[in-house]
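Asker:
Numbering (the numbering used here), first residue to last: 3 to 128.
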């Protein structure tokens, strides 16, 4: 599997690689538009950055705290996941870049999650 940034160029490269039988993980994914482009390109797996989406909202709005269900990153990944399932895309959604265990528990039904050791330990302790 090759990890590629989900830019326009990266998505086009992944489309070619996937046709050659090389699975790709499209990362640095922050929007539903990027996710749709990846699915249409037949990408094997995407890694939307939950925590970085939250970081952007905190830095660019007056709101500094979000309940897990209201977390913009959680909402974005949930929409992407539901879109893929509704329209029959096989692209795997792997939530990444978590900031807290609330984000992780909210996305527990996602295809896959990549969790930092510190957050995994926190989950274990709770």
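All C-beta atoms in this analysis are idealised placements derived from N, C-alpha and C, irrespective of residue type, glycine included.
(1) Do the CB positions of residue 78 and residue 55 come within less than 9 Å of each other?
(2) According to DSSP, is residue 54 helix, strand or coil?
(3) Give the straight-line distance between the Cα atoms of residue 48 and residue 112, rounded to the nearest whole angstrom.
(4) Are the beta-carbon atoms belonging to residue 37 and residue 85 less than 9 Å from one another?
(5) Give the single residue among 73, 95 and 90 whose Cα lies nearest to the Cα of residue 102.
(6) Tell me, which residues are paired with residue 29 by DSSP?
(7) When DSSP builds the beta bridges, which residues end up paired with residue 97?
(8) Cα separation between residue 80 and residue 52?
(9) Please classify residue 27 as buried or exposed, where buried requires at least 16 neighbouring CB atoms within 10 angstroms.
Answerer: In short:
(1) At the C-beta level, residue 78 and residue 55 come within 9 Å of one another.
(2) When DSSP states are grouped into helix, strand and coil, residue 54 belongs to the helix group.
(3) Going by C-alpha positions, residue 48 is about 12 Å away from residue 112.
(4) Yes, the Cβ-Cβ distance between residue 37 and residue 85 is below 9 Å.
(5) Minimum Cα-Cα distance from residue 102 among the listed residues 73, 95 and 90 corresponds to 73.
(6) DSSP, once it has assigned bridges, lists 7 as partnering residue 29.
(7) Looking at the DSSP assignment, residue 97 forms a beta bridge with 115.
(8) Near 10 Å, if we compare the C-alpha coordinates of residue 52 and residue 80.
(9) It is buried - the Cβ of residue 27 has at least 16 other Cβ atoms within 10 Å.
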